[in-house]
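Colleague: Going by this note's numbering, the sequence shown opens with residue 194, and the numbers climb by one from there. Before I ask anything, here is the structure I am working with.
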Amino acid sequence: MPPTITTQPPLFDTADAVARIAAASRRTQQPQSRADLVSLAMGEPDFDTPQRVTEAAHASLRAGRSHYSPLLGEPALREALAARLAKIAQAPVSAADVLITQGGTAGLAASILAIVDPGDKVVVPDPTYSLYGDLVAMAGGTVVPVPLAPDLHWDLDRLADALTDAKLFVFCNPVNPTGIVHGREELEALAGLLDGTPTIVISDEAYADLDYTGRPFTSAISVDGLRERTLYCQTFSKSYAMTGWRVGYLWGPSPLIQASARVHNTFNGSVNTVVQDAALVAVESCAEDVASMRAAYEQRREIMRTELAKIPGLTLSAPEGAFYQFPRYDLDLPSVEVVAALRTAHGVAVRPGSEFGAQGEHHLRLSYAAGPEAIVEGVRRLADGLAALR
Ligand SMILES: Cc1ncc(COP(=O)(O)O)c(C=O)c1O
């Protein structure tokens, strides 16, 4: 007898936005860590937050700073960030246009929901950080992914076509997952493509402090033609090893900041007072901590690159920034299958390239925000796993 199939009506009628995110989302869960698993999957520093920052949070609590913060953020923190942004943008920056957010995630959410209407076209590179597509889906917009050139930089011809009538272009620099850094020339080319259009840009520079190219990092807000149309999205998570604190900020043209603040305040209210007091100490006195973590990542990048270069069938990406490498493998297997086999049979966790876009297929994302021993052992397991899958 064939089995009887009964279809249950859904228990609750949830919002279409939830179904849209679920349909669009390529995000995968981080694997549960086990004693015998080496993880090169994480998107966060393995360092602890600098002690000065932690102590500032203790002091803030002891001082009774347990009340609501102003909706746009603590004035002292906004002033300090405005001074920093003015140096980056090489232009005057008013603290009134700085919005403190609940991490980079909420800054991206607030800005995308403040800009995108149902049906709006939003262009993103493919592959890119997967949150952008999910947020655009939540807003009801249409994501147009643009495949990268073979060197994982932008394909400017394809980008030019895709940007026609786009409401928004969202990108990160340095790039999660590819580790590429878009330099001044590339950003100026983008400014040229957008000249005369009303397209808005979101530049997510979460990894700006992790650039190993030897050239000074170019922020989109330092480029004429981009500065005027760009929402700059930043977080304390990566530079200061503060992923669990949940603090970031937005800066950009006043009307876009006002609109983003409207969404952010509606969703989150204000950001934790104590966390902002600690973030101020990070901005004002942790440059050396940032530099020493950066130096450690740079060494680990070399270790990982040397080890990966020994594996047959892998084409390496140029690891210019962030803490990721994005090698392409030559097996005819989807990356989710490769990742599952590596984890279960070989005890190494990495992320599937397809999580970051269709063009990420046949790639793996490896993080070198892990200790040197873990990197060497993880890549050894990767080599064994790929050999076994051949
Ligand atoms: C490119 C990029 N932007 C933003 C974020 C989110 O950062 P936050 O922890 O501040 O929400 C991440 C986290 O992985 C990221 O990789």
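Glycine residues also receive a C-beta, built at the ideal position from the N, C-alpha and C atoms.
So which of Val394, Ala567, Ala452 and Cys479 has the shortest CA-CA distance to Tyr433?
Modeller: Checked all of Val394, Ala567, Ala452 and Cys479; the closest Cα to Tyr433 is Cys479.
Colleague: If I measure Cβ to Cβ from Leu264 and keep anything under 8 Å in the same chain, skipping five residues before and after, which residues do I get?
Modeller: Hits under 8 Å: Ala454, Asn458, Gly462 and Ser463.
Colleague: What is the DSSP secondary structure of Pro340, counted as helix, strand or coil?
Modeller: Pro340 falls in the strand class under three-state DSSP.
Colleague: If you measure from each residue's Cβ to the nearest non-hydrogen atom of ligand 1, which ones come out under 6 Å, in chain order?
Modeller: Chain-ordered list of matching residues: Gly236, Gly296, Gly297, Thr298, Tyr322, Cys365, Asn369, Asp397, Ala399, Thr428, Ser430, Thr436 and Gly441.
Colleague: Would you mind working out which of Val467, Leu341, Asp358 and Ala307 sits nearest Glu248, comparing C-alpha positions?
Modeller: Answer by Cα proximity: Val467.
Colleague: With burial defined as no fewer than 16 other Cβ atoms inside 10 Å of the residue's Cβ, what is the status of Asp402: buried or exposed?
Modeller: Buried.
Colleague: Can you tell me which of Ile393, Thr392, Phe410 and His251 puts its alpha carbon nearest to the alpha carbon of Tyr400?
Modeller: Measuring from the Cα of Tyr400, the nearest candidate turns out to be Phe410.
Colleague: In this structure, how does DSSP classify Leu631 when only helix, strand and coil are distinguished?
Modeller: Residue 631 is absent from the structure shown; the chain starts at 194 and stops at 583.
Colleague: Rounded to whole angstroms, what is the Cα-Cα separation between Glu491 and Thr499?
Modeller: Each residue's Cα considered, the two are about 13 Å apart.
Colleague: Exposed or buried, Leu473, counting other C-beta atoms within 10 Å across all chains shown (16 or more means buried)?
Modeller: Leu473 is buried by the Cβ-count criterion.
Colleague: Within 10 angstroms of the Cβ of Phe362, are there 16 or more other Cβ atoms? Answer buried if so, exposed if not.
Modeller: The residue is buried, with at least 16 neighbouring Cβ atoms inside 10 Å.
Colleague: Within the same chain, show all residues whose beta-carbon is closer than 7 Å to that of Ser547, passing over the 5 residues directly before and after it, in chain order.
Modeller: So the list reads Arg219, Pro527, Ser528, Val529, Gly553 and Glu554, once near-sequence residues are dropped.
Colleague: What first and last residue would you give for the beta strand (DSSP E) that runs through Pro318?
Modeller: Lys314 to Asp319 is the span of the beta strand (DSSP E), which, as asked, contains Pro318.
Colleague: Out of curiosity, what's the CA-to-CA distance linking Glu477 and Arg439?
Modeller: So the alpha carbons of these two residues sit roughly 18 Å apart.
Colleague: From the DSSP output, read off the bridge partner residues of Phe364.
Modeller: In the DSSP output, where bridge partners are listed per residue, Phe364 has Ser396.
Colleague: Using CA atoms only, rank isn't needed, just tell me which of Ala511, Val483, Leu579 and Leu501 is closest to Thr242.
Modeller: Looking at the Cα atoms, Val483 is the closest of the given residues.
Colleague: Whose C-beta lies closer than 7 Å to the C-beta of Val329 among residues of the same chain, with five residues either side of it excluded?
Modeller: Answer for Val329: Ile305, Val309, Val315 and Val336, listed in chain order.
Colleague: Are Val382 and Val394 closer than 8 Å when you measure CB to CB?
Modeller: Here residue 382 turns out to be Ala, not Val, going by the sequence shown. It is not a contact, given that the beta carbons lie outside the stated cut-off.
Colleague: CB-CB under 7 Å to Val569, same chain, minus the five flanking residues each way: which ones, in chain order?
Modeller: Around Val569: Ile496 and Glu500.
Colleague: In whole angstroms, what is the alpha-carbon distance linking Ser485 and Phe240?
Modeller: So the alpha carbons of these two residues sit roughly 11 Å apart.
Colleague: Please look up how many angstroms separate the CB atoms of Thr221 and Pro545, rounded, as I've assumed it's under 8 Å.
Modeller: With a Cβ gap of about 7 Å, Thr221 and Pro545 count as contacting.
Colleague: What residue range does the beta strand (DSSP E) around Val291 cover?
Modeller: Here the beta strand (DSSP E) through Val291 covers Val291 to Thr294.
Colleague: How is Val286 classed by DSSP in three states: helix, strand or coil?
Modeller: In this structure, Val286 counts as coil in the three-state DSSP scheme.
Colleague: Would you identify the three-state DSSP class for Asp466, choosing helix, strand or coil?
Modeller: The displayed chain sequence assigns Thr, not Asp, to residue 466. The answer is helix: DSSP assigns Thr466 an H, G or I state.
Colleague: Return the CA-CA distance between Val543 and Ala234, expressed in angstroms with no decimal places.
Modeller: So the two alpha carbons sit approximately 4 Å from each other.
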